[in-house]
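**Student:** Would you mind keeping the following structure in view while I ask a few things?
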């Protein structure tokens with residue numbers, strides 16, 4: 003015999019043989035079927051209730067007996083349980099109530115025990131949301147303390163609706179009042195409107211309550227602010243307000259109309275007192291003494307919520323002026339409330355002006371390390387720099403005592419430092435005995451507004467050792483200017499430079515640097531013919547990037563199409579000029595009006611300015627190429643100071659200057675011609691810690707690679723804190739003699755590599771590296787030697 007059973011909505015066909023009695027027993031039993039979905043009570047406010055029915059169904063052919071029903075969890079109650087039995091194929095209902103007491107989602111279940119042989123215990127899911135408005139205020143009480151009669155004090159607090167979203171959660175304010183005439187209330191809503199919002203406050207919206215406390219009689223005032231709303235759980239919010247009203251004579255406060263800080267240098271701090279004097283016969287009470295205007299952050303003070311000044315006494319409140327930008331006029335204001343009903347608000351104006359500090363030592367710290375007693379260290383240069391465009395007068399130069407010595411000081415003071423000018427000094431230390439020593443070098447301008455300080459340090463040690471650890475630069479953005487001689491003899495040099503792009507750009511391209519390369523010439527005036535000078539201005543670039551006529555890109559980047567061709571064209575500047583004023587050309591290229599103009603106002607050619615070439619966050623490199631002497635009219639120091647000012651005199655790591663020119667002192671002869679001495683080019687490169695290479699060498703690949711790496715940000719020359727000793731007296735300091743050891747990244751690097759090529763050399767108190775042994779970005783460089791005894 004076969005029989006089909008319906009259980010949980012699934013038909014199951016069962017083959018039965020010899021089981022007649024068993025089948026008759028099964029058919030006599032009922033089955034309990036509950037809803038698959040939860041019984042949902044919807045949104046009910048706390049304190050309210052909702053009733054729903056749970057339907058129980060018996061799909062079987064037997065009678066279903068119900069033994070027990072109970073709520074497992076949640077704010078649910080069974081109001082009317084079903085009967086004790088459910089007939090076959092019939093249903094019964096169970097009434098359940100949801101009565102939440104707090105906001106939030108609620109879940110629960112009803113557990114039912116029945117005679118269902120397959121599922122004697124089952125549970126039905128219940129759920130509901132306790133919703134509605136919920137008013138929450140951020141204060142529970144307000145205490146104004148002592149307040150003189152007739153004086154108004156204020157306090158604020160905010161309330162918001164933290165209830166459920168939707169229309170069921172709208173907060174409605176029915177009333178807000180205080181039970182004292184001394185307390186006055188007003189509302190300002192989040193949207194800027196005033197007064198109670200008639201449409202109510204949605205979830206997340208709120209309002210600010212301004213409480214004005216104005217006592218009219220002396221004594222203790224206790225009041226209560228009552229806020230009535232449709233919040234079911236908290237229909238009334240009560241906030242106690244208290245104040246002690248006293249009778250005081252009107253405060254006779256004397257204070258200045260303004261505090262003038264005068265001139266304060268940018269980055270410096272000046273503090274002046276705001277003196278508040280009680281000239282009356284009774285106490286003065288002050289509230290909320292603070293800054294109403296801070297001059298863009300230039301003024302600062304500690305807020306004083308309450309001050310009490312006895313009769314005849316004064317209180318000082320410090321106000322600070324700390325300008326971080328130069329400005330001819332900065333203004334602020336201090337405000338306060340005082341115990342004078344007729345004039346309860348008072349204020350003091352703040353004034354000041356700021357200029358950038360125009361005097362600085364570079365570097366600001368020199369540490370000579372260990373030096374043997376009785377021995378002098380090598381000389382270290384320190385520059386006193388005018389960082390501003392206008393001249394300043396140096397009034398005082400305070401020199402340190404022994405064991406330090408300073409050379410190069412002016413014979414007489416005061417002296418004038420021109421705009422961006424500098425005064426080079428040489429500093430040494432000569433310890434008299436064992437132990438550390440330090441001193442401060444101080445310079446002051448004639449008006450006392452600028453003061454520069456430098457710290458000098460050294461240590462006397464009978465067994466001195468020099469161990470200098472430095473780190474290679476890690477430069478990502480570079481603006482590089484080539485200044486190329488365009489006189490008659492330069493064609494061979496321009497040709498080899500055009501062919502050397504890969505050597506020069508090798509480091510920049512391999513390391514994915516963000517670079518800009520521009521070219522200008524030493525020519526400042528047109529030669530009158532364009533036969534030998536392309537670019538559209540007959541060799542008179544006058545600092546403008548080549549080609550002035552824009553026939554090729556004037557600023558080359560890694561994304562420049564046909565970078566090789568553009569490089570070759572841009573360095574072939576022609577040979578029609580006769581003036582070799584490379585320094586003047588570099589300054590004009592990198593300063594106004596050319597550098598900040600898309601169209602140079604000095605010349606008629608369109609779009610010939612250098613705007614966009616000099617980026618504020620990029621390293622600046624200048625490279626000169628010439629076979630002549632430099633003919634600009636001012637001292638080398640002037641040009642160095644001017645170039646250094648472009649990146650900040652205190653950031654020498656952001657500027658490098660290099661040159662390819664004739665050998666200093668003698669000039670040179672090579673396969674491409676004769677070059678005159680490049681003394682001024684060599685001096686300028688040395689001032690910036692840059693490289694000088696001879697223009698007369700036959701193979702330019704190594705010099706171009708070395709200058710390229712240095713120009714694109716790598717430090718090639720690493721100055722030491724002191725000179726190394728020439729212990730064997732042979733006139734040279736090498737690792738082969740054991741006189742100096744160089745480590746890069748912790749590993750010893752010999753001065754000559756395995757192929758016999760020079761990796762580095764010691765020269766003039768510094769280690770100079772050669773390509774391809776220049777330390778990579780971020781690598782440490784450590785140098786060890788015995789300090790020299792001078």
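Residue numbers (my numbering): 3 to 792. Glycine included, every Cβ here is placed at the ideal spot set by N, Cα and C. None of the values given here were measured: they were computed from a predicted structure.
Since residue 588 and residue 485 are thought to touch, with beta carbons under 8 angstroms apart, how far apart are those beta carbons, to the nearest angstrom?
**Tutor:** Between residue 485 and residue 588 the Cβ distance is about 5 angstroms, and since that is below 8 angstroms, they are a contact.
**Student:** Quick check on the burial criterion: 16 or more other C-beta atoms within 10 angstroms. Buried or exposed for residue 432?
**Tutor:** Buried: at least 16 other Cβ atoms inside 10 Å.
**Student:** Where does residue 24 fall in DSSP's three states?
**Tutor:** Low confidence applies here, because residue 24 scores a pLDDT of 38, under 50, leaving its location unreliable and the question unanswered by this model.
**Student:** Enumerate in chain order the residues of its own chain whose CB-to-CB distance from residue 192 is below 7 angstroms, with the five nearest sequence positions on each side excluded.
**Tutor:** 207, 208 and 209, listed in sequence order.
**Student:** How many Å lie between residue 659 and residue 505 at the Cα?
**Tutor:** Each residue's Cα considered, the two are about 18 angstroms apart.
**Student:** What does a CB cutoff of less than 8 angstroms around residue 257 pick up in its chain, not counting 5 residues either side in sequence?
**Tutor:** Excluding positions up to five away in sequence, the list reads 276, 277, 278, 279, 348 and 350.
**Student:** Count the other C-beta atoms from every protein chain shown that fall within 10 angstroms of the C-beta of residue 327, then say buried if there are 16 or more, exposed otherwise.
**Tutor:** Classification of residue 327: exposed, given that the 10 Å Cβ count is below 16.
**Student:** CB residue 638 to CB residue 713, shorter than 9 angstroms?
**Tutor:** No.
**Student:** DSSP three-state call for residue 167: helix, strand or coil?
**Tutor:** DSSP places residue 167 in coil when its eight states are reduced to three.
**Student:** From residue 718 to residue 540, what does the alpha carbon distance come to, in whole angstroms?
**Tutor:** C-alpha separation (whole angstroms): 37 angstroms.
**Student:** Mapping the DSSP letters down to three states, classify residue 291 as helix, strand or coil.
**Tutor:** Note: residue 291 maps to strand in three-state DSSP.
**Student:** Of all the options 494, 649, 205 and 509, which has the alpha carbon lying nearest to the alpha carbon of residue 617?
**Tutor:** Comparing Cα positions, the closest option is 649.
**Student:** Out of 75, 377, 238 and 724, which has the shortest C-alpha to C-alpha gap to residue 464?
**Tutor:** Minimum Cα distance to residue 464 is reached at 377.
**Student:** At 3 residues or longer, what runs of the beta strand (DSSP E) sit wholly inside the segment 196-267?
**Tutor:** As far as the segment 196-267 is concerned, its whole beta strand (DSSP E) runs of at least 3 residues are 208-215, 221-231, 238-248 and 260-267.
**Student:** For residue 397 versus residue 337, is the C-beta distance shorter than 9 angstroms?
**Tutor:** Result no, Cβ atoms of residue 397 and residue 337 do not sit closer than 9 angstroms.
**Student:** Let me confirm a value: residue 692 is counted as buried when at least 16 other C-beta atoms fall within 10 Å, else exposed. Which label applies?
**Tutor:** Buried, by the Cβ-count rule.
**Student:** Counting C-beta neighbours from all protein chains within 10 Å, is the total for residue 544 16 or more, i.e. buried, or is it exposed?
**Tutor:** Residue 544 should be labelled buried.
**Student:** Does the beta-carbon distance from residue 454 to residue 359 come in below 9 angstroms?
**Tutor:** Yes, the pair counts as a contact, with Cβ atoms nearer than the cut-off.
**Student:** What three-state label does DSSP hand residue 778 in the structure shown?
**Tutor:** In this structure, residue 778 counts as coil in the three-state DSSP scheme.
**Student:** Of all the alpha helix (DSSP H) runs that stay within the bounds of the segment 607-661, which reach a length of 4 or more residues?
**Tutor:** List check, alpha helix (DSSP H) in window: 638-647.
**Student:** Would you say residue 158 and residue 213 are within 9 angstroms of each other, going by their C-beta atoms?
**Tutor:** Contact: yes.
**Student:** Quick check: the Cα distance between residue 370 and residue 445, rounded to an integer number of angstroms?
**Tutor:** So the two alpha carbons sit approximately 21 angstroms from each other.
**Student:** Pick from 748, 203, 215 and 241: whose alpha carbon is nearest that of residue 232?
**Tutor:** Measuring from the Cα of residue 232, the nearest candidate turns out to be 203.
**Student:** Would you mind working out which of 452, 421 and 537 sits nearest residue 488, comparing C-alpha positions?
**Tutor:** Checked all of 452, 421 and 537; the closest Cα to residue 488 is 537.
**Student:** Give me, in chain order, the residues of the same chain whose beta-carbon lies closer than 8 angstroms to that of residue 346; leave out the 5 immediate sequence neighbours on both sides.
**Tutor:** Counting only Cβ-Cβ distances below 8 angstroms, and skipping sequence neighbours, we find 153, 154, 339 and 340.
**Student:** Mind checking whether residue 82 and residue 97 have CB atoms under 9 angstroms apart?
**Tutor:** The answer is yes: Cβ separation under 9 angstroms.
**Student:** Roughly how many angstroms lie between the CA atoms of residue 182 and residue 146, to the nearest whole one?
**Tutor:** Those two C-alpha atoms are separated by around 14 angstroms.
**Student:** Taking the alpha helix (DSSP H) that residue 305 belongs to, which residues open and close that run?
**Tutor:** No alpha helix (DSSP H) holds residue 305; DSSP gives it neither H nor E.
**Student:** Please list the terminal residues of the continuous alpha helix (DSSP H) segment that includes residue 573.
**Tutor:** Element bounds for residue 573: 565-573.
**Student:** Is the beta carbon of residue 425 closer than 9 angstroms to that of residue 622?
**Tutor:** Not a contact, by the Cβ cut-off of 9 angstroms.
**Student:** Taking the alpha carbon of residue 641 as the point to measure from, which residue in 583, 723 and 667 has its own alpha carbon closest?
**Tutor:** When each option's Cα is compared against that of residue 641, the closest is 583.
**Student:** Classify residue 746 as buried or exposed, calling it buried when 16 or more other Cβ atoms lie within 10 Å of its own Cβ.
**Tutor:** By the 10 Å Cβ count, residue 746 comes out buried.
**Student:** Apart from the five residues just before and just after residue 387, which ones in its own chain have a Cβ nearer than 6 angstroms to its Cβ?
**Tutor:** Closer than 6 angstroms at the Cβ level, and outside the excluded window around residue 387, lie 362, 364, 424 and 651.
**Student:** Below 8 angstroms on the Cβ atoms is my contact criterion, and I expect residue 101 with residue 51 to pass it. Report the Cβ-Cβ distance as a whole number of Å.
**Tutor:** Right, their Cβ atoms sit about 4 angstroms apart.
**Student:** Kindly indicate the opening and closing residues of the alpha helix (DSSP H) around residue 708.
**Tutor:** Start and end: 703-713.
**Student:** Where does residue 178 fall in DSSP's three states?
**Tutor:** Strand, per DSSP.
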